[in-house]
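Chains as they are written, first to last, in our numbering: chain A, 198 to 313; chain B, 301 to 412.
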C-alpha cells in the first residue's frame, strides 16, 4: 500500500508570493490533516479535512487555506508569504473512528518551504 | 485551556532504559498517541492508549493514567537509532471533532 505523498518536496519562494502544496493520502483514508513544523518546535496544527469539508482548524491567519478533492487529495495554499512561513509542512492521513476522532495518523515526507 | 507537557530533552546510554513522560490537561480525553520523529523525517506512529494501563510493543511500552492526566513511553535496550524526538498527542473530546492536541516533543539523545 502506497504511503502518503507530498509534492513538491522542496520549495523556495520570495516574500509576498503565494504557494500551493499538494498531498495524496493513503488509499481509503479520507481524513487529511496539515501541520507546520519549524526547527525545534512541535507540530502546529493548521487544519483537517474530511470528505471535502474542513473539520477542524488551528490558529493560523487567513493567509493559510486548504481544500480537499473528491478523491481525498488535499492542497494547502499560503498567500502573501512571510519570512516566518519558512518551515516543514507535513500532511497526515488517517481513518475516522465511529466516535468522530481519527485513528493514528500516517505522515507524508513533508514539503520544506523556504521564504527569502 | 488545553496543555500537554513533555521534557524538552533527555539523554540516555545505549543499552539502558529511558522513560519519557507526558502530562496533559484537556477538556476531555479520548486517547493518547506517541510518535517518533527522526531529524529531518516525518513522525511515525508508535503507540495508542485509551484505557489505563501498560501497552507493550517490543522494546517500547506506553502507560496511561487518565485520573492523573499522565502517560509515559518506556524504551528498553536503547539503541543508537532510538535517538529521535518523541511526540505525545491527545485526542480532546472537548474540542470540535475530537481534535488532536500535540506536545512540543522530547528530544532523546543516546550516547554510546
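All residues carry an ideal CB built from backbone N, CA and C; glycine is no exception.
Buried or exposed, going by whether 16 or more other CB atoms sit within 10 Å of the CB of residue i?
i                      : result
residue 326 of chain B : buried
residue 354 of chain B : exposed
residue 256 of chain A : exposed
residue 226 of chain A : buried
residue 172 of chain A : This structure does not reach residue 172 of chain A, given that chain A is present from 198 up to 313, and the question cannot be answered.
residue 222 of chain A : buried
residue 273 of chain A : buried
residue 209 of chain A : exposed
residue 298 of chain A : buried
residue 307 of chain A : buried
residue 371 of chain B : buried
residue 263 of chain A : buried
residue 349 of chain B : buried
For my contact list, residue i and residue j are in at a C-beta cut-off of 8 Å; report their separation, rounded to the angstrom.
i                      : j                      : result
residue 378 of chain B : residue 320 of chain B : Not a contact, Cβ separation roughly 12 Å.
residue 323 of chain B : residue 305 of chain B : 5 Å
residue 312 of chain B : residue 304 of chain A : Actually they are not in contact, since the Cβ atoms of residue 312 of chain B and residue 304 of chain A sit about 25 Å apart, beyond 8 Å.
residue 215 of chain A : residue 246 of chain A : Not confirmed; about 19 Å, so no contact.
residue 270 of chain A : residue 206 of chain A : That belief does not hold up - the Cβ atoms of residue 270 of chain A and residue 206 of chain A are roughly 17 Å apart, past 8 Å.
residue 337 of chain B : residue 387 of chain B : 6 Å
residue 392 of chain B : residue 328 of chain B : 6 Å
Please say whether residue j and residue i have beta carbons closer to each other than 8 Å?
i                      : j                      : result
residue 373 of chain B : residue 362 of chain B : yes
residue 346 of chain B : residue 390 of chain B : no
residue 402 of chain B : residue 242 of chain A : yes
residue 376 of chain B : residue 317 of chain B : yes
residue 313 of chain A : residue 217 of chain A : no
residue 397 of chain B : residue 252 of chain A : yes
residue 239 of chain A : residue 315 of chain B : no
residue 219 of chain A : residue 204 of chain A : yes
Three CB pairs or more closer than 8 Å across the segment 230-237 of chain A and the segment 286-293 of chain A: yes
Is it a yes or a no for the segment 275-289 of chain A touching the segment 233-245 of chain A, going by three-plus beta-carbon pairs under 8 Å? yes
Within the segment 274-312 of chain A, ranges of the beta strand (DSSP E) (whole runs, at least 3 residues): 284-291 and 308-312
In chain order, each alpha helix (DSSP H) run of at least 4 residues that lies wholly inside the segment 350-405 of chain B: none
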